[in-house]
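Novice: Once you've had a glance at the structure underneath, I'll fire off some questions.
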Amino acid sequence: MLPDYWQTVHRLVVICLDDLDIVMQLQLALQALRSALPQSHITLLTAYADDQLTALSPWINQTLMHSTDGWKALESNTSTFGEVGIASAKQNPNGFGDVITLIRVIRGQQFDAAIIFTDEGRSPHALAYICYLAGISIRLGQSQEFGGSILSHCVKPPSDNIHAQERHLFLLKSVGFELEELNRTSESESCQGSDTHSIHSIPSIQSP
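Position one of the sequence shown corresponds to residue 406 (this note's numbering), numbered consecutively onward.
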């Protein structure tokens, strides 16, 4: 059962800065989020433009595009704790600017909650810390690592190697989102859903 605090979420950001194939595996997860939070404004933050994400558009209201060039330069130096990742950014001018811009973009959107989807072996903690600095109180992700309270809700991923789509769904199921009806949702029903939830033609925001 979905905890009550999710029902108070009006603006949700779904973050996935992994490769495009991992992002596209979010389709069922986004369906589940839209079904559970029909009145919420859902934003998808990725490194890709709108025309690459059309298959996901029925379940989101907005996309934000953020270049990961500087971010990827930092990733190998980012430890379990997000603070270390931010500190290492200061040693990399491009990376530091990338992080600061991302914080400003997220803060400006006034999100209530963030769900951070990551591929196997990728840590969500640096992104969760950015969300913390941007003022987001609910920060959900999955990690084998202990990161203190950087993630407000941390889910331990399944031990077995699983497909990215199943990994995304596992995260949602672990905190109470209903998934039973997803596989029976037809393409026509998905299109009907896009009529119910207005999809704003907001240009993607690309950080400089």
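Every residue, glycine too, gets a C-beta built ideally from N, C-alpha and C.
For residue 503, is the classification buried or exposed, using 16 other Cβ atoms within 10 angstroms of its Cβ as the cut-off for buried?
Specialist: For the purposes of this step, residue 503 is taken as residue 98 along the sequence shown, with counting starting at 1. Buried is the call here.
Novice: Would you give the residue range spanned by the alpha helix (DSSP H) that residue 577 belongs to?
Specialist: Here the question's residue 577 lines up with position 172 in the sequence shown. Unbroken alpha helix (DSSP H) run through residue 577: 569-579.
Novice: Using 8 Å for Cβ pairs, my map puts residue 419 next to residue 447. What's the rounded Cβ distance?
Specialist: Reading the sequence shown from its first residue, position 14 is the one you call residue 419. Reading the sequence shown from its first residue, position 42 is the one you call residue 447. That pair is a contact at about 6 Å.
Novice: Does DSSP put residue 592 in a helix, a strand or coil?
Specialist: The count along the sequence shown starts at 1 and reaches residue 592 at position 187. Summary for residue 592: the model assigns pLDDT 42, below 50, so the residue's position carries little reliability; its value from the coordinates is reported in the next sentence. Residue 592 falls in the helix class under three-state DSSP.
Novice: Give me the Cβ distance between residue 584 and residue 577, rounded to the nearest whole Å; I'm assuming they're in contact under 8 Å.
Specialist: For the purposes of this step, residue 584 is identified with residue 179 of the sequence shown, where counting begins at 1. For the purposes of this step, residue 577 is identified with residue 172 of the sequence shown, where counting begins at 1. Right, their Cβ atoms sit about 7 Å apart.
Novice: What is the DSSP secondary structure of residue 558, reduced to helix, strand or coil?
Specialist: Counted from its first residue, the sequence shown places residue 558 at position 153. Three-state result, residue 558: strand.
Novice: Terminal residues of the continuous alpha helix (DSSP H) containing residue 633?
Specialist: Outside the modelled stretch of the chain, which goes from 406 to 613, sits residue 633, for which no answer is possible.
Novice: Count the other CB atoms, across all protein chains shown, that sit within 10 Å of the CB of residue 413; report buried if there are 16 or more and exposed otherwise.
Specialist: Sequence index remark: in the sequence shown, residue 413 carries index 8 (1-based). The residue in question, residue 413, is exposed, as its Cβ has fewer than 16 Cβ neighbours within 10 Å.
Novice: For the alpha helix (DSSP H) containing residue 439, list its first residue and its last residue.
Specialist: As a working note, residue 439 is residue 34 in the sequence shown. Start and end: 432-441.
Novice: Considering Cα atoms alone, identify which of 443, 444, 424 is closest to residue 457.
Specialist: Translated into positions along the sequence shown, residue 457 becomes position 52. Comparing Cα positions, the closest option is 424.
Novice: Note down the Cα distance separating residue 501 from residue 470, rounded to an integer number of angstroms.
Specialist: Indexing the sequence shown from 1 puts residue 501 at position 96. Indexing the sequence shown from 1 puts residue 470 at position 65. Roughly 18 Å between the two C-alpha positions.
Novice: Buried or exposed: where does residue 459 fall if 16 or more other Cβ atoms within 10 Å of its Cβ makes it buried?
Specialist: Taking the sequence shown and counting its residues from 1, the one referred to as residue 459 is at position 54. Exposed, by the Cβ-count rule.
Novice: Between which two residues does the beta strand (DSSP E) containing residue 530 stretch?
Specialist: The residue you call residue 530 lines up with position 125 of the sequence shown. Taken as a continuous stretch (DSSP letters only), residue 530 belongs to no beta strand (DSSP E), being part of the alpha helix (DSSP H) at 530-538.
Novice: Taking the straight line between their C-alpha atoms, what separation do you get for residue 529 and residue 539?
Specialist: Against the sequence shown, residue 529 aligns to sequence position 124. Against the sequence shown, residue 539 aligns to sequence position 134. Rounded to the nearest angstrom, the two C-alpha atoms are 15 Å apart.
Novice: Could you check where the beta strand (DSSP E) with residue 448 kicks off and where it finishes?
Specialist: Along the sequence shown, read from residue 1 onward, the residue named residue 448 stands at position 43. Counting along the chain, the unbroken beta strand (DSSP E) around residue 448 starts and ends at 446-451.
Novice: In whole angstroms, what separates the C-alpha of residue 559 from that of residue 568?
Specialist: Along the sequence shown, one-based indexing puts residue 559 at 154. Along the sequence shown, one-based indexing puts residue 568 at 163. Taking the straight line from one Cα to the other gives about 20 Å.
Novice: Whole angstroms is fine: what's the gap from residue 411's alpha carbon to residue 573's?
Specialist: On the sequence shown, residue 411 is found 6 positions in, with the first residue counted as 1. On the sequence shown, residue 573 is found 168 positions in, with the first residue counted as 1. Rounded to whole angstroms, residue 411 to residue 573 spans 18 Å at the Cα level.
Novice: The ligand GDP and residue 509: does any heavy atom of the ligand fall closer than 7 Å to the residue's C-beta?
Specialist: You won't find the ligand GDP in this model; it holds no ligand whatsoever.
Novice: Ordered along the chain, which non-local residues of its own chain (more than five positions away) have a Cβ less than 6 Å from that of residue 557?
Specialist: In the sequence shown, counting from the first residue as 1, residue 557 sits at position 152. Only 543, 544 meet the Cβ criterion.
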